[in-house]
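**Student:** The working numbering puts the sequence shown at residues 1 to 150. Can you read through this structure? Questions will come right after.
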Amino acid sequence: MEKTVNLEKRLVKEGINLEDLINTALEMYIPHPKLGTKEEMVRKLREEFKKTFQDVNVCALVIAGLYLEEAGKKGLIPGLSREEYKKDPVHLIADELLGIQIAQYIAGSRALFEFERFDKKKPGILKKLPPIMDDVIGGLIAGVLVKVCS
Numbered sequence: 001m002e003k004t005v006n007l008e009k010r011l012v013k014e015g016i017n018l019e020d021l022i023n024t025a026l027e028m029y030i031p032h033p034k035l036g037t038k039e040e041m042v043r044k045l046r047e048e049f050k051k052t053f054q055d056v057n058v059c060a061l062v063i064a065g066l067y068l069e070e071a072g073k074k075g076l077i078p079g080l081s082r083e084e085y086k087k088d089p090v091h092l093i094a095d096e097l098l099g100i101q102i103a104q105y106i107a108g109s110r111a112l113f114e115f116e117r118f119d120k121k122k123p124g125i126l127k128k129l130p131p132i133m134d135d136v137i138g139g140l141i142a143g144v145l146v147k148v149c150s
């Protein structure tokens, strides 16, 4: 039997763990009594991230982001030097497109607006991530947070 990749473990190799994802989501979460206590929200987020890590399409989009990040670091994106990549140029929008698609795939159109909030503020783990992965992981967190709150 062929071994499959586990997205959660793959992200840990990149320095991104489940607790970082949950804590970043909580930084942007606006508490609502109907959603329960902070502890209940942590439990719901953990469960939803675990489910989302099993979705082949989310996995494919996140892995695409990881490969694109690696290509950027090596200067292998045509028309974008390694030095320019490190500056996260405004004309490179593929990272935002990946993040938006991940968020919308997980939780629909409302997740687009949540993604924008994450993209502007760059809370938690996002501020520590390189130019492409901050948007990919921002989309993942935004999608999961919207799904849990819906």
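Note that CB positions come from ideal geometry on N, CA and C, so glycine has one too. What you are looking at is a predicted structure, and each value in this text was computed from that prediction instead of being measured.
Quick test of your reading: residue 60 and residue 141, contact by CB under 8 Å. State the CB separation rounded to the nearest angstrom.
**Tutor:** Contact doesn't hold; Cβ gap of about 18 Å is too wide.
**Student:** Could you have a look at residue 52 and say whether DSSP puts it in helix, strand or coil?
**Tutor:** In this structure, residue 52 counts as helix in the three-state DSSP scheme.
**Student:** Helix, strand or coil, according to DSSP, for residue 33 in the structure here?
**Tutor:** Here residue 33 sits in helix by DSSP.
**Student:** Do you know how far the Cα of residue 103 is from the Cα of residue 122?
**Tutor:** C-alpha separation (whole angstroms): 15 Å.
**Student:** Check whether the Cβ atoms of residue 68 and residue 22 sit closer than 8 Å, and answer yes or no.
**Tutor:** Their beta carbons are not under 8 Å apart, which means residue 68 does not touch residue 22 by this criterion.
**Student:** Helix, strand or coil: which one does DSSP assign to residue 100?
**Tutor:** Helix, per DSSP.
**Student:** Would you please state the rounded distance, in angstroms, between the beta carbons of residue 114 and residue 146? I believe it to be under 8 Å.
**Tutor:** That belief holds up - the Cβ atoms of residue 114 and residue 146 are roughly 5 Å apart, short of 8 Å.
**Student:** Report the rounded CA-to-CA distance for residue 52 versus residue 32, giving the unit in angstroms.
**Tutor:** Taking the straight line joining both Cα atoms gives about 23 Å.
**Student:** Could you tell me the alpha carbon to alpha carbon distance between residue 90 and residue 80, rounded to whole angstroms?
**Tutor:** Those two C-alpha atoms are separated by around 12 Å.
**Student:** How would you label residue 124, buried or exposed, when you count the other beta carbons within 10 angstroms and need 16 or more for buried?
**Tutor:** Under this definition residue 124 is a buried residue.
**Student:** Around the Cβ of residue 48, are there at least 16 other Cβ atoms within 10 angstroms (buried) or fewer (exposed)?
**Tutor:** Buried, since its Cβ has 16 or more Cβ neighbours within 10 Å.
**Student:** Along the chain, where does the alpha helix (DSSP H) containing residue 14 start, and where does it finish?
**Tutor:** Residue 14 -> no alpha helix (DSSP H), and no H or E assigned at all.
**Student:** Decide if residue 36 is buried, meaning its Cβ has at least 16 other Cβ atoms within 10 Å, or exposed.
**Tutor:** Classification of residue 36: exposed, given that the 10 Å Cβ count is below 16.
**Student:** Which residue's Cα is closest to the Cα of residue 17: 50, 117, 105?
**Tutor:** Per the Cα distances, 50.
**Student:** When you compare each of 144, 136, 56 to residue 14 by their alpha carbons, which one comes out closest?
**Tutor:** Here the closest residue by C-alpha is 136.
**Student:** Just confirm the distance between the C-beta atoms of residue 98 and residue 64, as a whole number of angstroms; I'd bet it's less than 8 Å.
**Tutor:** Contact holds; Cβ gap of about 7 Å.
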